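Worksheet: the structure to be examined is printed underneath.
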């Protein structure tokens, strides 16, 4: 029997004014990548009494492979958890940690909520995007850094706060953040203000959030 085409990843339109939500990238993984991801997925799924409860870490797993959520990643999660692509996509589009566009090695999130904005968050974002020649939400041409404004990081007492791959850099200024990003692009990531002593890449962080070894596994 010849296998048919993979099931369609749906395009959603949440109301007339909103653009459709789509997933780009390849439809399938190579056999080798599928086998590697499936081995990690089996480890993750075994931690839960119901397989569908593993959806969030599996989304991190495929994001760690591709650098964002692709059509292949959505279909892989659906297949592993016996869910429909629509069920997977509905969860993936709810959480902002799941990216739908290729993301740099370092995802730089500048908080521009009320207190951070008053303390200089807006100025940090404007200065950084101007110096890099990119817009809010874009990635540098070398693929190293993605910059985006983010909602409150729950660290208002240390405002303005910038996060890099979800690690905190507190009490920042436009100049300190430009130096931070310059270090990232040169391959010399500084230690966060608190937490781990080293800074993982975006894909490594995704694998950590999935609960698997960040240094192993297939990567696109």
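In our numbering, the protein residues as written are 8 to 227.
Where is the CB? At the ideal position from N, CA and C, for every residue including glycine.
Computed from a prediction, not measured in an experiment: that's the story for all the values here.
Check: Sorted by chain position, which residues of the same chain lie with C-beta nearer than 6 angstroms to residue 181's C-beta, five sequence neighbours on each side aside?; Outcome: 130, 131 and 134
Check: How would you label residue 137, buried or exposed, when you count the other beta carbons within 10 angstroms and need 16 or more for buried?; Outcome: exposed
Check: Whose C-beta lies closer than 6 angstroms to the C-beta of residue 153 among residues of the same chain, with five residues either side of it excluded?; Outcome: 110, 111, 114 and 146
Check: What residue range is occupied by the uninterrupted alpha helix (DSSP H) comprising residue 153?; Outcome: Note, residue 153: premise wrong, no alpha helix (DSSP H); beta strand (DSSP E) at 152-157.
Check: Mark residue 103 as exposed unless 16 or more other C-beta atoms lie within 10 angstroms of its C-beta, in which case mark it buried.; Outcome: exposed
Check: Could you check what DSSP says for residue 168 in three-state terms: helix, strand or coil?; Outcome: coil
Check: Going residue by residue through the segment 25-84, where are the continuous alpha helix (DSSP H) segments of at least 4 residues, counting only ones entirely within it?; Outcome: 38-52 and 62-73
Check: Please report the Cβ distance between residue 69 and residue 80, rounded to the nearest whole angstrom; I am assuming they are in contact, meaning their Cβ atoms lie under 8 angstroms.; Outcome: 3 angstroms
Check: So which of 63, 73, 117 and 148 has the shortest CA-CA distance to residue 94?; Outcome: 63
Check: State the CB to CB distance for the pair residue 76 and residue 105, rounded to an integer number of angstroms; the pair is presumed to be in contact (CB under 8 angstroms).; Outcome: 5 angstroms
Check: What separation, rounded to the nearest whole angstrom, lies between the Cα atoms of residue 30 and residue 84?; Outcome: 14 angstroms
Check: For the structure I just gave you, are there three or more beta carbon pairs, one from the segment 208-225 and one from the segment 159-166, closer than 8 angstroms?; Outcome: no
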